[in-house]
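What follows is a set of notes on a single structure, which appears directly below.
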Amino acid sequence: MPLFNVNDNYQNPTAEGYYGDYGGAYIPEMLYSNVETLKTQYLQIMYDPIFQAEFQYLLKDYVGRPTPLFLAERLSKEIGATIYLKREDLCHTGAHKINNTVGQIILAQRLGKKKIIAETGAGQHGVATATVCALKGMECVIYMGEKDIERQAPNVARMKMLGATVIPAKSGSKTLKDATNEAIRAWINEPNETHYIIGSVVGPHPYPDMVARFQSVISEEIRKQLKEKTGSELPTHVVACVGGGSNAAGAFYHFLNEPTVQIVAVEAAGHGVHSGLSAATTQLGSPGILHGSKSIVMQTSDGQVVEPHSISAGLDYPGIGPLHAFLYESKRGIFLSATDEEALESAFHLSKIEGIIPALETAHAFSVLPKMNLKASDVVVVCLSGRGDKDLATYMEHL
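So the sequence shown is residues 22 to 420, counted in the numbering used here.
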């Protein structure tokens, strides 16, 4: 029997942007007009037939969708269940992030915006944003933590080659949280001409819902591809890594209201959940406000954000998207975690048994498969959210 209420519609937030107790729009007055315009128009624009025609065309001929659903035979034999990999690493730019940026750049044009800003951690969202800005001829400014600029140098080079300006965030932990802070400050200074392409299912409403809808193409394809391969659209489990949680939201989306499908989210435990160097938000956090929405946040008793840690820049975030917070609290999803060491081990292992080098973020998801007590009859889909080219410097340190 499922532990969650099967009558809940997990896909859609309320009109105010809440999933259960989480979500909403907690924003400075200077951004009210921008966010209110988005809130009142985003669904109408997104589902306009002309918008959809361009979006679907670009997903197919530019991004390279549908991405394959690959049966990992050697991994399946080892785990003792049927394991499929949703190959988002084969998207143009090397990760799922491009699905969202393609949608948001068309949206920004419809809203008459002239400049794009974005935050990035692992650099994949920055690259995807710079890519679509180059495609559409729009000015692009990317905010990135100084620490992440050092550990994700190949992606920084790609952004610059694509014509983007990369501005380092030098405050705090100099990672994704701080890059997001800087991007929001920049948006406040130029709200009328600027559209902020948020890269994950975080931020003020309607961003968490909007990003989830753009990324939902992942689970839409999984259902069709599984039907072709197995005769059933529904797996027994869907597994994805979660920081803010956009790849997970996309992989989970069309299974959220299917009670037979187990949702499994994997957070970054860093040096260990209780080591003081972790990003396992659901295990360490409490309800709070971060970057414009209410969610589960790693914070002190007086509300100061606790600095997270993960070897993977894309999971190095002290919060989680409000949809994921609701999935956790309602027990619709199982939230597990993997340490830096476990992620590294999984990355090397997948590379050697399937010939696929995953991003460090994705490697966290693979590390939990042996712990899930899977049966031979189980059919598991893992969202392989990105390729590992950007992490080769880190991998080389551990060879």
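Beta carbons are placed, not taken as given, at the ideal position from N, Cα and C, and that holds for glycine. Every value quoted in this text rests on a predicted model; they were computed, and no experiment measured them.
Once the 5 residues before and after Pro227 are set aside, which same chain residues still bring their CB inside 7 Å of it? Gly38, Leu59, Lys60, Tyr63
Nearest to Ala129 (by Cα), restricted to the options Met67, Ser240, Ile310, Leu197: Met67
Looking at His419 and Ala289, is the spacing between their C-beta atoms short of 8 Å? no
Beta strand (DSSP E) segments (min. 3 residues) lying fully within the stretch 267-341: 283-291, 307-311, 314-318
Starting from Pro34, follow the alpha helix (DSSP H) in both directions and report where the run begins and ends. No alpha helix (DSSP H) holds Pro34; DSSP gives it neither H nor E.
Could you give the residue range of the alpha helix (DSSP H) that holds His226? His226 -> no alpha helix (DSSP H), and no H or E assigned at all.
Taking CB distances under 8 Å as the criterion, tell me whether Glu171 reaches chain C. Although the question refers to chain C, the structure presented lacks it and comprises just one protein chain.
Pull up the DSSP beta-bridge partners for Pro379, would you. Arg408
Return yes when the Cβ of Ile163 is within less than 8 Å of the Cβ of Val187, no when it is not. yes
Every unbroken beta strand (DSSP E) within the stretch 78-152, with a cutoff of 3 residues, ordered by chain: 90-92, 103-108, 136-141
If you run the structure through DSSP and keep just helix, strand and coil, what is Leu197? helix
Go to Met182, then tell me how far its alpha helix (DSSP H) extends in each direction, as first and last residue. 174-182
In angstroms with no decimal places, state the Cα-to-Cα distance between Gly313 and Ile48. 5 Å
Quick check on this structure: which residue in Ile170, Phe369, Ala300, Ser331 has the alpha carbon closest to the alpha carbon of Ile317? Ala300
What ranges does the alpha helix (DSSP H) occupy inside the stretch 220-258, keeping only unbroken runs of at least 4 residues that lie completely in it? 228-236, 238-251
Measuring CA to CA, which of Val389, Met165, Ile170 is closest to Glu203? Met165
Quick one, which of Tyr338, Val177, Tyr83 has its alpha-carbon nearest Asp410's? Val177
Look at the Cβ atom of His117, then the Cβ atom of Gly85, and state whether they are nearer than 8 Å. no
Check Tyr39 in the structure and name its three-state DSSP category. strand
Quick one: measure Cβ to Cβ for Met180 and Ala151, integer angstroms, because I've assumed they're closer than 8 Å. 5 Å
Ala149 vs Thr122 beta-carbon contact at 8 Å: yes
Within a Cβ cutoff of 8 Å, which residues of the same chain sit near Met22, ignoring the five residues on either side of it in sequence? Confidence at Met22 is low in this model, with a pLDDT of 27, below 50, so the placement of that residue should be treated as unreliable; the coordinate-derived value is given next. Nothing meets the Cβ criterion.
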